[in-house]
Amino acid sequence: MTRTGPVRLAAESVSLAYDEKVVVHDLDLQLTEGSFTAIVGPNGCGKSTLLRALGRLMRPESGQVLLDGRSIARTPTREVAKVLGLLPQTPVAPEGLTVADLVARGRHPHQSWLRQWSRGDEAAVAEALAWTDMSELADRPVDALSGGQRQRAWISMALAQGTDLLLLDEPTTYLDLSHQIDVLELVGRLHAERGRTVVVVLHDLNLAARYAQRLVAMKDGVLVASGTPAEVITEPLLADVFDIEARVVPDPVAGTPMVVPVRRLR
Amino acid sequence: MSAATRELPAPAGLAAPGQTVVRIGPVSGRVRWRQVVVPAVAAVVVVLLGAVSLGRGDYPIGLADVLRTLVGLGEGNQPFIVLQLRAPRIVVGVLVGLALGIAGALFQTFARNPLASPDILGITQGASVGAVAAIVLGGTTGAGAVLGGLGIPMAALAGALATGLLLMALTWRRGIDGYRLVLIGIALWAGAAALTHWLLTRAEIYDAASAYVWITGSLNARTWDQAVPLAVSLAVLLPVALATSRALAALQFGDDTARGLGLRLSGSQAVVVLVAVLLTAAAVAAAGPIAYVALVVPQIAVRLAGCSRPPLLASALLGAALVVGADLLTRTVLPQALPVGILTAAVGAPYLLWLLVRGRRRSTL
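Keeping their order, the protein sequence lines are chains A and B.
Everything in the first sequence is counted per our numbering, starting at -13 for the first residue and increasing by one.
Everything in the second sequence is counted per our numbering, starting at 694 for the first residue and increasing by one.
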């Protein structure tokens, strides 16, 4: 829970580009042990790209990403996968794959050719299924599940992977409000009860402010603000980053800042 | 949905129906019965078809005599017919089926696309260009003389390898994308097909006829000269192919998830595609492009074994059963001996259609 724990994952003057187009400019970010960080920003601001770089899915043009103080690009990918789990924006499960098999696949970095299904694997998968309330659906094909159940199955897989760090790219996209809350509650419990260090890219500012301890706001590939939700979600920042005039009022339930949009600027 | 199920206890062992957990010392794994039974039954079928095949033909020999010949006690011309005429043909059929079945499974799992097979990706068509060029241009001038000197199998091998490596080179962008592979493969297929047809229009009628038989894929007149190099290639390639199954299990999820699970993505991709190309090239050099085995068999295997990706061993053995079975049919039931490639398509395609129509799965072609 503390914000002063050791730095687990850090971006050091990272610049990211797709072909010639630079998407993230010279960005620094430190993520400490046990933190719950949400990256917010308008479409195309580079937040998902930054998350991909943090999860070594993308190689920086310049700068580097450090995992526990060590360059992530020089760490064997299997070693990374034992510490850092990630859930891509729209993961695809092969047709006919059952929930139990999907979650079992999370054990991949811990397995080898000879050791394909140890007692540890079995226990981790059973626990991940139970913890995400997916035990009942374990034998169902993933493609037969609803959107919310499917996202739970993927989170269950990330849990079975047993990593301290968890990166999630817009895990609530395409879900209705009740399933958005369901997924974020689950991620919040992973953080609070299992001590996971969580980084999540989110679109909904009110939900981000409600569930994350720290917000990171990005615009045009640059980190604009970082701090507690109350520090980041301010009327000037909303105008600057999101081009909206808005009132910020305390969330009547959690007391976290809540955005009430007025109109679009410009 | 969450509140209602939260109180329910976790299942004790996760031993899902039809699966058994095996642990012996440091070795552990899960055995799914359908994934054991399907290859086992396919292996038995291959052996039975092979045994029947040895005895059948223009000069029928009883099973007892076949067995006696195999242990060196044959009489008269039986050893020659069984061991020199029929055995190499059947061995080539089995090996070609194994190679094409597993190559198709590798391509389809890798590309996450059932259309990805060496038939569609232009690799077998590339072999056709080589072989037809050797037949048509053989011994005249320049490149034709070189190709003709290589002989048809070597020319086919060269054509398949060249197309396969070109496919990999054109698709490569810090790794291989499945869709890109299929699109570039189809373009290569079209180019190679045009080249084949152009060569055929220039051919003498006799050359064109023999080129056509080769293009269809045939086991006629195979000897140990084809069987032995093919067997040696498969002895190396099949174990490598089977060893990729752990990587394929992660690759089937998509690139980001596979890397998230700790897979060295581009390295694994290169190995899978290269092995599939080499297996196809070896098979095609020995028997020509026997149609649709690599396309249809993995899809049949995945439905029979009831899993989420084409099972490698079952695909290989079902491929062997299809080729040997089709060859047996062409030599016995049909009034006139046809090239086996016609029958593999004619038998395999309707069976896949039946599975697709009957099955629960959507057909994501």
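Note that CB positions come from ideal geometry on N, CA and C, so glycine has one too.
So, does the CB of Ser1008 of chain B fall closer than 7 Å to a CB anywhere in chain A?
-> Output row for Ser1008 of chain B: interface = no.
Cβ neighbours of Leu193 of chain A in the same chain (closer than 8 Å, five flanking residues each side left out) = Within the same chain, and ignoring the five residues on either side of Leu193 of chain A in sequence, the residues whose Cβ sits closer than 8 Å to its Cβ are Thr158, Gln166, Ile167 and Leu170.
Spatial distance of Ser48 of chain A from Glu(-2) of chain A (CA atoms) = Put simply, the backbone Cα of Ser48 of chain A is about 9 Å away from that of Glu(-2) of chain A.
Tell me whether the beta-carbon of Ala735 of chain B lies closer than 7 Å to the beta-carbon of Leu1010 of chain B.
-> In contact: Ala735 of chain B and Leu1010 of chain B (Cβ atoms closer than 7 Å).
Reference Arg64 of chain A; option with closest CA among A:Arg93, A:Gln50 and A:Pro215 | Among A:Arg93, A:Gln50 and A:Pro215, the Cα nearest to that of Arg64 of chain A belongs to A:Arg93.
Out of curiosity, what's the CA-to-CA distance linking Asp226 of chain A and Leu13 of chain A?
-> Each residue's Cα considered, the two are about 18 Å apart.
Can you grab the Cα-Cα spacing for the pair Leu1058 of chain B / Asn806 of chain B, in whole Å?
-> With a pLDDT of only 37 at Leu1058 of chain B, under 50, the local geometry of the prediction cannot be trusted, and the value read off the model is given with reservation. Using only the alpha carbons, I get a separation of about 7 Å.
Min CB distance Thr950 of chain B to chain A below 7 Å = By this cut-off, Thr950 of chain B is an interface position.
With a cut-off of 7 Å, does the C-beta of Arg1051 of chain B fall near any C-beta of chain A?
-> For Arg1051 of chain B, no CB of chain A lies under 7 Å from its own CB, so it is not counted at the interface with that chain.
Hey, out of B:Ala974, B:Gly769, B:Ala1019 and B:Ile717, whose CA is closest to Tyr818 of chain B's CA?
-> For clarity, residue 818 of chain B is Gln in the given sequence; the question names Tyr instead. Of B:Ala974, B:Gly769, B:Ala1019 and B:Ile717, the residue nearest in Cα terms is B:Ala974.
Between the CA atoms of Val720 of chain B and Leu37 of chain A - distance to the nearest angstrom = Cα to Cα, Leu37 of chain A sits roughly 37 Å from Val720 of chain B.
Excluding the 5 residues preceding and the 5 following Pro215 of chain A in the sequence, name in chain order all residues of the same chain whose CB lies nearer than 6 Å to its CB.
-> Cβ neighbours of Pro215 of chain A beyond the five flanking positions: Ala195, Leu201, Thr242 and Pro243.
Measuring alpha carbon to alpha carbon, tell me which of A:Arg180, A:Leu40 and A:Ala24 ends up nearest Ala114 of chain A.
-> Looking at the Cα atoms, A:Arg180 is the closest of the given residues.
Identify, in the order they occur along the chain, each residue of the same chain with its Cβ nearer than 8 Å to the Cβ of Ile869 of chain B, setting aside the five sequence neighbours on each side.
-> Sequence-distant partners of Ile869 of chain B (beyond 5 residues in either direction) whose C-beta falls short of 8 Å from its own C-beta, in its chain, are Phe803, Met861, Ser959, Gln962, Ala963 and Val966.
Is it buried or exposed for Gly207 of chain A, if we count other Cβ within 10 angstroms and need 16 for buried?
-> Buried.
C-alpha distance - Leu188 of chain A paired with Asp162 of chain A, whole-angstrom precision = Straight-line Cα distance between these residues: approximately 14 Å.
Paired residues, beta bridge with Arg23 of chain A - DSSP | According to the sequence shown, residue 23 of chain A is Thr rather than Arg. Thr23 of chain A is bridged to A:Val185 and A:Arg200.
Ala124 of chain A: which of A:Asp107, A:Val89, A:Val85 and A:Ser142 sits nearest, CA to CA?
-> When the alpha-carbon of Ala124 of chain A is set against those of A:Asp107, A:Val89, A:Val85 and A:Ser142, the nearest one is in A:Val85.
Quick one: which chain B residues come within Cβ less than 8 Å of Asp87 of chain A?
-> At a C-beta separation below 8 Å, Asp87 of chain A has these neighbours in chain B: Ser1001.
Rounded to a whole number of angstroms, what is the C-alpha to C-alpha distance between Val66 of chain A and Leu131 of chain A?
-> For Val66 of chain A and Leu131 of chain A, the distance between alpha carbons rounds to 30 Å.
Taking C-beta to C-beta, are Val1017 of chain B and Gly786 of chain B nearer than 7 Å?
-> Judged by beta-carbon spacing, Gly786 of chain B lies within the 7 Å limit of Val1017 of chain B, meaning their Cβ atoms are closer than that value.
Mind checking whether Thr183 of chain A and Arg(-6) of chain A have CB atoms under 7 Å apart?
-> Contact flag set, yes.
State the Cα-Cα distance for the pair Met120 of chain A and Arg252 of chain A, rounded to the nearest angstrom.
-> C-alpha of Met120 of chain A to C-alpha of Arg252 of chain A: approximately 46 Å in a straight line.
Examine the ligand FMN and report whether any of its heavy atoms sits within less than 6 Å of the Cβ of Pro215 of chain A.
-> In the structure on display, the ligand FMN does not appear, and there are no ligands present to speak of.
Alpha helix (DSSP H) containing Val1033 of chain B: first to last residue?
-> Annotation: the continuous alpha helix (DSSP H) that includes Val1033 of chain B extends over Val1033 to Arg1051.
What is the rounded straight-line gap between the Cα of Ser911 of chain B and the Cα of Pro781 of chain B?
-> Taking the straight line joining both Cα atoms gives about 13 Å.
Could you please tell me which residues of the region 932 to 947 of chain B, in chain order, have their CB closer than 8 Å to any CB of chain A?
-> If the cut-off is 8 Å between Cβ atoms, the region 932 to 947 of chain B has Ala936, Arg939, Ala942, Ala943, Gln945, Phe946 and Gly947 near chain A.
For Val925 of chain B, count neighbouring C-beta atoms within 10 Å of its own C-beta (all shown protein chains included) and say buried if the count is 16 or more, exposed if not.
-> When all chains shown are included, Val925 of chain B counts as exposed.
Same chain, Cβ closer than 7 Å to Leu72 of chain A, five either side skipped, listed in chain order = Once the five neighbours on either side are set aside, the close Cβ partners of Leu72 of chain A are Gly41 and Leu153.
Nearest-angstrom Cα separation, counted from Ile908 of chain B out to Thr894 of chain B | Spanning the two alpha carbons is a distance of roughly 14 Å.
Leu935 of chain B and Leu1005 of chain B: beta carbons closer than 7 Å?
-> With contacts defined as CB atoms closer than 7 Å, Leu935 of chain B and Leu1005 of chain B qualify as a contacting pair.
Within 9 Å of chain A by C-beta, residues of the region 859 to 882 of chain B in sequence order = Of all residues in the region 859 to 882 of chain B, only Arg867 place a beta-carbon less than 9 Å from a beta-carbon of chain A.
Could you please give the first and the last residue of the uninterrupted alpha helix (DSSP H) stretch that includes Ser911 of chain B?
-> No alpha helix (DSSP H) holds Ser911 of chain B; DSSP gives it neither H nor E.
Residues in the region 53 to 71 of chain A with C-beta within 9 Å of chain B's C-beta atoms, listed in sequence order?
-> Flagged, chain order: Pro62, Thr63, Arg64, Glu65, Val66, Ala67, Lys68, Leu70 and Gly71.
What residue range is occupied by the uninterrupted alpha helix (DSSP H) comprising Arg952 of chain B?
-> Counting along the chain, the alpha helix (DSSP H) containing Arg952 of chain B begins and ends at Asp948 to Gly953.
Could you confirm whether any beta carbon from chain B is found closer than 7 Å to the beta carbon of Val78 of chain A?
-> Interface annotation, Val78 of chain A: in contact with chain B, CB-CB separation under 7 Å.
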